[in-house]
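S.K.: Here the working numbering is used: the sequence shown runs in plain steps of one and ends on residue 405. Virtual Cβ for every residue (Gly too), placed ideally from N, Cα, C. Encoded as structure tokens, here's the structure I'll be asking about.
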Amino acid sequence: MKNFLFILFLVSSVSFASVYKVDLSHSKIAFKIKHLSISNVYGSFDKFKANISYDEKSKKLTKLESQVNVKSINTDNKKRDNHLKSGDFFNVKKFPKIGFEMLSATDDKIIANLTIKNITKKVSFDYEFGGLVKGPRGKTRLGFSLEANINRKDFDIKWNKTLDTGSLVLGEKVKIIVDIESIKQKK
């Protein structure tokens, strides 16, 4: 009888999270960085995958992992994009992916391992739950946003130049901006 109760307890405590697939046409992984100390340059990664699980009962993300294809970097400037792919920055030939793995989540924060150039750092992201809704085709959609600031030098992205004015071409702080809309998958 004790074994039966123990097994019943284990089964009842298992998370019944649903799996969601990213809708790339309604999602974005972007960044911004200070340029010439006077303005911001924005960019994004156009190709990425994510594993998302959400427990509708507890209303919590239970899994969030992502792989970003660094070759898909897009700053609306081909020359700059090629420089960002080079050894001065991301070195895509050696490090083609950026990794993200959620470690914990609260109502407004996600702690994750962020891996860039095979360097993994624990990063705190502001988390905003967008909601659950039935889309026009009857499929359940989950939306959320993440934001964090990182120091690019922590990930061995060190290139810079000093201008005649003494200003640097690039700031060290990079703001990461993630907006995800995902579709619930059938079990």
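(1) Identify whether F299 lies in helix, strand or coil by the three-state DSSP scheme.
(2) Using C-beta distances below 7 Å, list every residue in its chain close to V351, excluding the 5 sequence neighbours before and after it, in chain order.
(3) Report all residues from its chain with a CB closer than 8 Å to the CB of G389; omit the five preceding and five following residues, and keep chain order.
(4) Excluding five sequence neighbours on each side, which residues of the same chain lie with their C-beta closer than 7 Å to the C-beta of V341?
(5) Could you check whether the stretch 316-325 touches the stretch 281-296, counting it as contact only if at least three pairs of C-beta atoms, one from each stretch, sit closer than 8 Å?
(6) Going by the beta-carbon positions, is the gap between S400 and V240 smaller than 7 Å?
(7) Go through its chain and collect everything with a Cβ distance to W377's Cβ below 8 Å, but skip five positions before and after it.
(8) What residues are listed by DSSP as bridge partners for H253?
M.R.: Per the coordinate set shown:
(1) Walking along the sequence shown from the start, residue 299 turns up at place 81. According to the sequence shown, residue 299 is Asp rather than Phe. The DSSP-derived three-state label of D299 is helix.
(2) One-based indexing of the sequence shown puts residue 351 at position 133. Excluding residues within five positions, the ones whose Cβ falls inside 7 Å are R359.
(3) If you number the sequence shown from 1, residue 389 lands on position 171. Excluding residues within five positions, the ones whose Cβ falls inside 8 Å are I251, K252, H253, S255.
(4) The residue given as residue 341 occupies position 123 in the sequence shown. Only A330, L332, A366, I368 meet the Cβ criterion.
(5) yes
(6) Position 182 of the sequence shown, counting from 1, holds the residue named residue 400. Position 22 of the sequence shown, counting from 1, holds the residue named residue 240. In this structure, S400 places its C-beta atom within 7 Å of the C-beta atom of V240.
(7) Sequence index remark: in the sequence shown, residue 377 carries index 159 (1-based). Same-chain partners within the cutoff: D306, F307, L388.
(8) Along the sequence shown, read from residue 1 onward, the residue named residue 253 stands at position 35. BP columns for H253 point to S257, L388.
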